[in-house]
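Student: Below is one structure. I have some questions about it.
Numbering (this note's numbering), first residue to last: 119 to 429.
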């Protein structure tokens with residue numbers, strides 16, 4: 119399989135890392151980076167001070183990826199790119215940008231330490247048995263968010279850091295869709311977990327959990343079609359969030375304002391991956407799971423009506 123190096127375009131403000139997320143299963147996802155499969159656990163540096171330590175990015179590690187057209191390949195980051203990424207993250211003032219599972223914006227989270235491992239045995243991370251290779255970008259994060267600390271850190275629901283950003287490569291490949299399997303029997307548990315996450319976000323933002331529905335039937339039909347096509351392919355396409363969202367659309371569930379914003383954000387980005395001439399492409403299926411074009415139009419109109427979107 120092909121191996122592609124990802125790098126930073128230093129003259130582009132979009133290139134680089136915008137936020138750090140705390141996640142259950144860290145790994146690296148395509149050009150949009152999200153550590154989400156590597157079993158690297160955070161070290162609880164100081165429970166009283168609520169500081170967590172862990173690797174944000176590991177150099178020269180080949181990461182398996184599969185694109186929207188089932189193209190299989192690997193990506194990796196050089197030591198130089200990792201170092202540049204860490205420097206730009208801080209110089210652009212992004213140390214207070216954080217999310218939960220790449221879906222929920224968090225307050226009260228801040229990177230208070232950042233360094234590159236220069237010596238595997240003498241590095242500070244070795245004191246906590248993290249044993250990271252030379253060139254790894256390490257961070258320590260201060261957690262001042264009570265809900266996150268009690269509900270996710272102390273319970274072990276989050277186990278690693280994940281970076282969010284954009285990188286470039288030298289190929290002309292289309293961007294891939296992130297793929298994760300979802301156990302049908304786990305749906306109720308997942309739905310409850312996402313409901314809790316949305317409640318946590320609402321608490322941190324001090325917003326009311328008013329729900330909105332009434333989206334067109336075509337949006338629900340799109341989600342149903344996406345589910346059917348995905349089943350035919352062994353449910354290989356889309357993320358867990360996308361699969362849960364499709365089930366919610368099929369049942370006609372209402373959504374809170376923060377969720378509407380996430381739906382609109384996703385559909386706006388994912389629209390580029392949709393291709394009606396390729397019904398089995400993961401990009402097409404994922405877009406349908408979120409309700410497709412009709413859902414995007416409805417959400418955009420609703421957000422404008424609520425003065426929650428520009429334009």
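Heads up, the beta-carbon is just placed ideally off N, CA and C, and yes, glycines get one too.
The structure presented is a predicted model; accordingly, all values stated were derived computationally and were not measured.
1. Under 8 Å between the Cβ atoms of residue 137 and residue 199?
2. Alpha carbon to alpha carbon, what distance is there between residue 373 and residue 410?
3. Kindly provide the ranges of any alpha helix (DSSP H) runs that are 4 or more residues long and lie completely inside the stretch 161–238, ordered along the chain.
4. Tell me, to the nearest whole angstrom, how far the beta carbon of residue 480 is from that of residue 263; I am working on the premise that it is less than 8 Å.
5. Just to confirm my understanding: we take residue 126, look at its own chain, exclude 5 residues before and 5 after, and list those with CB closer than 8 Å. What are they?
6. Can you tell me the Cβ-Cβ gap for residue 351 and residue 406, rounded? I've got them flagged as a contact below 8 Å.
7. Rounded to the nearest angstrom, what separates residue 417 and residue 381 at their Cα positions?
8. Can you pull the DSSP bridge partners for residue 273?
9. DSSP three-state call for residue 137: helix, strand or coil?
10. Assign residue 119 to buried or exposed, taking buried as 16 or more other Cβ atoms, counted over all protein chains shown, within 10 Å of its Cβ.
11. Which stretch, first to last residue, makes up the beta strand (DSSP E) that contains residue 281?
12. Are the C-beta atoms of residue 264 and some chain B residue less than 8 Å apart?
13. Report buried or exposed for residue 168, applying the criterion of at least 16 other Cβ atoms within 10 angstroms of its Cβ.
14. Could you say which of 229, 281, 415, 214 lies nearest to residue 337 if we only look at CA atoms?
15. For residue 420, which residues in the same chain have their Cβ closer than 7 Å to its Cβ, ignoring the five residues on either side in sequence?
16. Kindly list the residues whose CB is nearer than 6 Å to the CB of residue 424, restricted to its own chain and excluding five residues on each side of it in sequence; keep chain order.
17. Whole angstroms is fine: what's the gap from residue 236's alpha carbon to residue 171's?
18. Counting only runs of 4+ residues fully inside the stretch 337–421, write out the alpha helix (DSSP H) ranges in chain order.
19. Rounded to whole angstroms, what's the CA-CA distance from residue 333 to residue 341? Just pull it up for me.
20. Could you tell me the distance, in whole angstroms, from the CA atom of residue 191 to the CA atom of residue 179?
21. Can you find the residues in the same chain that come closer than 6 Å, C-beta to C-beta, to residue 121, ignoring five residues on each side of it along the sequence?
22. Should residue 251 and residue 238 be called a contact, given that it needs their Cβ atoms to be closer than 8 Å?
23. What residues in its chain sit with their C-beta under 8 Å from that of residue 99, if we drop five residues either side in the sequence?
24. For the beta strand (DSSP E) containing residue 250, name the first residue and the last one.
25. Measure the C-alpha to C-alpha separation of residue 272 and residue 177 and round it to an integer number of angstroms.
26. In whole angstroms, what is the alpha-carbon distance linking residue 257 and residue 210?
27. Suppose the cutoff is 6 Å on Cβ atoms and the five residues either side in sequence are ignored; what does the same chain contact list for residue 229 look like?
28. Roughly how many angstroms lie between the CA atoms of residue 234 and residue 222, to the nearest whole one?
29. Could you check where the beta strand (DSSP E) with residue 267 kicks off and where it finishes?
Tutor: The answer reads as follows:
1. no
2. The alpha-carbon separation between residue 410 and residue 373 amounts to approximately 16 Å.
3. 197–209
4. The question about residue 480 has no answer here: the residues shown for the chain are numbered 119 through 429.
5. Excluding residues within five positions, the ones whose Cβ falls inside 8 Å are 133, 134, 199, 202, 203, 206, 285, 286.
6. About 13 Å separates the two Cβ atoms, so there is no contact after all.
7. 8 Å
8. Beta-bridge pairing links residue 273 to no other residue.
9. If DSSP states are grouped into helix, strand and coil, residue 137 belongs with the strands.
10. exposed
11. 278–284
12. In summary, chain B is missing from the structure at hand, where a single protein chain is found.
13. buried
14. 415
15. 330, 378
16. none
17. 17 Å
18. Secondary structure within the stretch 337–421: the alpha helix (DSSP H) runs of 4 or more consecutive residues, fully enclosed, are 358–368, 375–388, 400–407 (chain order).
19. 12 Å
20. 13 Å
21. 192
22. Yes, these two residues count as a Cβ contact at 8 Å.
23. One cannot answer for residue 99 here, as it falls past the ends of the chain, which runs 119 to 429.
24. No beta strand (DSSP E) holds residue 250; DSSP gives it neither H nor E.
25. Put simply, the backbone Cα of residue 272 is about 29 Å away from that of residue 177.
26. 16 Å
27. Around residue 229, the same chain offers 213, 257, 259 as residues with beta carbons nearer than 6 Å, after the five sequence neighbours per side are excluded.
28. 28 Å
29. Unbroken run through residue 267: none, as it is neither H nor E.
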